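K.L.:
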Amino acid sequence: MADNKPQAPLGAETQPSAETAPSTTAEAPAAPAPVPAADEKPVPVSTETSASAAEPTPAPEAAAAAAAPKVEEPTSASAPAAEANKDEAAEPAPAEDTAPEASPIQQLWAAAKAHSHSEIWGVTLADPESHVPSQIVFQKYLNANDGDVPKAVDQLTKTLTWRAQAKPLELVTKAFSKDKFAGLGYVTSYGDAADQQKREVFTWNIYGAAAKRMSETFGNLDEFIEWRVALQELGIQTLNIGAATQPITATEDAYKIYQVHDYQSISFLRQSAEVKAASTKTIAVLAQNYPELLKEKFFVNVPAIMGFMYGFMKLFVATKTAKKFHPMTYGSGLAKEFADASVEGLGEKLPQAYGGKGGDLAAEGKTTELA
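Just so we're on the same page, my numbering is the position in the sequence shown counted from 1, plus 20.
1) Exposed or buried, residue 183, counting other C-beta atoms within 10 Å across all chains shown (16 or more means buried)?
2) Run through the DSSP bridge pairs and tell me what residue 278 is partnered with.
3) If you count every other CB in all the chains shown that lies within 10 Å of the CB of residue 289, and 16 or more means buried, which is it?
4) Would you check if the distance between the CB atom of residue 176 and the CB atom of residue 122 is smaller than 7 Å?
5) Tell me the rounded alpha-carbon separation between residue 321 and residue 348.
6) Reducing DSSP to helix, strand and coil, say where residue 287 ends up.
7) Express the C-alpha separation of residue 231 and residue 261 in angstroms, rounding to a whole number.
8) What's the gap between the Cα of residue 345 and the Cα of residue 308?
9) When you compare each of 391, 390 and 384 to residue 224 by their alpha carbons, which one comes out closest?
10) Can you tell me which of the three DSSP states residue 376 falls into?
11) Taking one C-beta from the region 249-264 and one from the region 139-147 each time, how about it: are there three or more such pairs within less than 8 Å?
12) For residue 205, which of helix, strand or coil comes out of DSSP?
13) Determine which residues share a DSSP beta bridge with residue 390 and list them.
14) Give a yes or no on whether the C-beta atoms belonging to residue 160 and residue 311 are separated by under 7 Å.
15) Please state if the CB of residue 352 and the CB of residue 218 are separated by a distance shorter than 7 Å.
16) Just the C-alpha distance for residue 192 and residue 390, rounded to the nearest angstrom, thanks.
17) Considering only residues of the same chain and omitting the five flanking positions on each side of residue 201, which have a CB-CB separation below 6 Å?
18) According to DSSP, simplified to helix, strand and coil, what is residue 385?
19) I believe residue 3 touches residue 204 by the beta-carbon criterion, under 8 Å. Please report the beta-carbon distance rounded to the nearest angstrom.
20) When burial is assigned at 16 or more other CB atoms within 10 Å of the CB, is residue 302 buried or exposed?
21) Where DSSP assigns a beta bridge to residue 140, which residues make up the other side?
22) Beta strand (DSSP E) containing residue 358: first to last residue?
23) Determine the DSSP secondary structure at residue 371, reduced to helix, strand or coil.
24) Specify, as a first and last residue, the run of the alpha helix (DSSP H) that residue 188 falls within.
25) If you compare alpha carbons, which of 199, 221 and 233 is closest to residue 251?
26) Does the beta-carbon of residue 167 have 16 or more other beta-carbons within 10 angstroms, so that it is buried, or is it exposed?
27) Starting from the C-beta of residue 237, find all residues in its chain whose C-beta is less than 6 Å away, skip the five residues before and the five after it, and write them out in chain order.
28) Could you tell me the boundaries of the beta strand (DSSP E) in which residue 347 lies?
29) With DSSP collapsed to three states, give me the class of residue 19.
30) Using beta-carbon positions only, say whether residue 356 and residue 315 come within less than 7 Å of one another.
31) Do residue 158 and residue 170 have their beta-carbon atoms positioned less than 7 Å apart in this structure?
32) My output table needs one value for residue 365: the three-state DSSP class, helix, strand or coil.
33) Are there 16 or more other CB atoms within 10 angstroms of the CB of residue 208, so buried, or fewer, so exposed?
34) Taking C-beta to C-beta, are residue 227 and residue 286 nearer than 7 Å?
35) Please report the distance separating the alpha-carbon of residue 325 from that of residue 265.
36) Relative to the alpha-carbon of residue 281, which residue among 354, 376 and 243 has its alpha-carbon at the smallest distance?
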């Protein structure tokens, strides 16, 4: 019996040791002073017993003092030194060559240098102190992990390994089957190409284009993932991170992409196992290897019931994530979503099918190589 429960749409995402104090060697006792003869008057002899002795000691008393063991009392000047030596013995002195801990960005740079692969998103990684594109890449990994350096390092390392194996830059120039992927995805940009603060990049996933060839398009999972990665890389190339001159922060980042998923003519009640597998794999690959590149995602031409489900889902996910998802029953209402965009008149620049006055995606957009 067919499963009639609504399924989540394709592409929906749920992101030195201490020194011992020197010992004080006691001074040898002074030689006894000569005892005066009976007809001689005592001659005062000065005997230093400590720095605090203010008056000379008479000879008979000096002789008695000399006969007794001499105990040297610490002077007022030596007391602090002795106390300081005691503290030094109790607390280890810091090593002179201890360097301050590297910044989070520098820790990611160290991890990247230790890896055999040196490129992410077309950026050859270098010292972020002097190379802004590298700073942007590393900061995105930190942002994706809320500043948790070990987690960011782990994700960065996994991305480097994946890119070494998948070779995504080569996929941008690979020719995919026109019969399977024609009309399925596009990249557009609007605004000032020279100023990222005044430009927006979109990727469009037109799943309705595959409505009559679902098995052919999604049947070969590896091939579909390669195509989807190629489209993602094409969008990132349009961002032109490699030419960036202004670093990003944890809160300010202009290098992100709008995504539009159009489900016109797609049934959510009878999604095949192939489509579900493609959706699950796509989400996993993009989340792991393309962090903090999604600005907002619009799901258009979805049934009203799916809009309700997305609204309900937002109650259970982080606000940061929920704000990025926008289900819409009608694609023609998309242009209205950009009334306050940084690009003036952005909504009007969109294709007419999405409420704008611009040309069709096939005419205005870039797509992957097809043959």
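The beta-carbon is built from N, C-alpha and C at its ideal position, and this holds for glycine as well. Note that the structure is predicted; figures quoted are calculated from it, not measured.
P.N.:
On the basis of the data shown:
1) Your numbering for residue 183 matches position 163 in the sequence shown. With 16 or more other Cβ atoms from the protein chains shown falling within 10 Å of its own Cβ, residue 183 counts as buried.
2) Stepping through the sequence shown from its first residue, residue 278 is reached at position 258. 222 and 316.
3) Sequence index remark: in the sequence shown, residue 289 carries index 269 (1-based). The residue is exposed, with fewer than 16 neighbouring Cβ atoms inside 10 Å.
4) Along the sequence shown, read from residue 1 onward, the residue named residue 176 stands at position 156. Along the sequence shown, read from residue 1 onward, the residue named residue 122 stands at position 102. Their beta carbons are not under 7 Å apart, which means residue 176 does not touch residue 122 by this criterion.
5) As a position in the sequence shown, residue 321 is number 301, starting the count at 1. As a position in the sequence shown, residue 348 is number 328, starting the count at 1. The straight-line gap from Cα to Cα measures roughly 6 Å.
6) Position 267 of the sequence shown, counted from the first residue, corresponds to residue 287. The three-state reading of DSSP puts residue 287 in coil, since its state is none of H, G, I, E or B.
7) Residue 261 sits at position 241 when you count from the first residue of the sequence shown. Residue 231 sits at position 211 when you count from the first residue of the sequence shown. Our two residues, residue 261 and residue 231, have alpha carbons roughly 35 Å apart in a direct line.
8) Numbered from its first residue, the sequence shown carries residue 345 at position 325. Numbered from its first residue, the sequence shown carries residue 308 at position 288. Residue 345 and residue 308 have their C-alpha atoms roughly 19 Å apart.
9) As a first step, residue 224 is located in the sequence shown; it is residue number 204 there, counting from the start. Selected option, being the one with the closest Cα: 384.
10) Counting from 1 along the sequence shown, the entry for residue 376 is found at position 356. DSSP places residue 376 in coil when its eight states are reduced to three.
11) Taking 8 Å as the limit for Cβ pairs, the verdict is that the region 139-147 does touch the region 249-264.
12) For the purposes of this step, residue 205 is taken as the residue at position 185 of the sequence shown. Here residue 205 sits in strand by DSSP.
13) As a working note, residue 390 is residue 370 in the sequence shown. Partner(s): 196.
14) For this step, residue 160 is matched to residue 140 along the sequence shown. For this step, residue 311 is matched to residue 291 along the sequence shown. Their beta carbons are under 7 Å apart, which means residue 160 touches residue 311 by this criterion.
15) Working through the sequence shown from its first residue, we reach residue 218 at position 198. Working through the sequence shown from its first residue, we reach residue 352 at position 332. In this structure, residue 352 does not lie closer than 7 Å to residue 218 by Cβ.
16) The residue labelled residue 192 in the question sits at position 172 within the sequence shown. The residue labelled residue 390 in the question sits at position 370 within the sequence shown. Approximately 11 Å between the Cα atoms of the pair.
17) Taking the sequence shown and counting its residues from 1, the one referred to as residue 201 is at position 181. If we look at residue 201 and ignore the five residues flanking it on each side, its Cβ neighbours are 247.
18) As a first step, residue 385 is located in the sequence shown; it is residue number 365 there, counting from the start. Coil at residue 385, not helix or strand.
19) Since the first residue shown for the chain is 21 and the last is 391, residue 3 is missing from the structure and cannot be characterised.
20) Within the sequence shown, residue 302 is the residue found at index 282, counting from 1. Residue 302 counts as buried, since no fewer than 16 other beta carbons sit within 10 angstroms of its beta carbon.
21) Locating residue 140 in the sequence shown gives position 120, where the first residue counts as 1. DSSP output for residue 140 lists 143 as bridge partner(s).
22) On the sequence shown, position 338 is the one that residue 358 refers to. It is not in any beta strand (DSSP E) - residue 358 carries neither H nor E in the DSSP assignment.
23) On the sequence shown, position 351 is the one that residue 371 refers to. Residue 371: strand per DSSP, three-state reduction.
24) Start at 1 with the first residue of the sequence shown, and residue 188 comes out as number 168. DSSP places residue 188 inside the alpha helix (DSSP H), whose first and last residues are 188-191.
25) Taking the sequence shown and counting its residues from 1, the one referred to as residue 251 is at position 231. Of all alpha-carbon atoms in 199, 221 and 233, the one lying nearest the alpha-carbon of residue 251 is that of 221.
26) Within the sequence shown, the letter at position 147 stands for residue 167. With a threshold of 16 other beta carbon atoms within 10 Å, residue 167 falls short and is exposed.
27) Looking up residue 237 in the sequence shown gives position 217. So the qualifying residues of the chain are 200 and 230.
28) Mapped onto the sequence shown, residue 347 falls at position 327. DSSP places residue 347 in the uninterrupted beta strand (DSSP E) bounded by 345-348.
29) Because the chain spans 21 through 391 in this model, residue 19 falls outside it and cannot be assessed.
30) Counting from 1 along the sequence shown, the entry for residue 356 is found at position 336. Counting from 1 along the sequence shown, the entry for residue 315 is found at position 295. No, they are not a contact pair.
31) For the purposes of this step, residue 170 is taken as the residue at position 150 of the sequence shown. For the purposes of this step, residue 158 is taken as the residue at position 138 of the sequence shown. Cβ atoms of residue 170 and residue 158: not closer than 7 Å.
32) As a working mapping, residue 365 is identified with position 345 in the sequence shown. Note: residue 365 maps to coil in three-state DSSP.
33) As a working note, residue 208 is residue 188 in the sequence shown. Label assigned to residue 208: buried.
34) For the purposes of this step, residue 227 is taken as the residue at position 207 of the sequence shown. For the purposes of this step, residue 286 is taken as the residue at position 266 of the sequence shown. Closer than 7 Å, so yes.
35) Mapped onto the sequence shown, residue 325 falls at position 305. Mapped onto the sequence shown, residue 265 falls at position 245. Approximately 45 Å, taken between the alpha carbons.
36) Within the sequence shown, residue 281 is the residue found at index 261, counting from 1. For residue 281, the closest of 354, 376 and 243 by C-alpha to C-alpha distance is 354.
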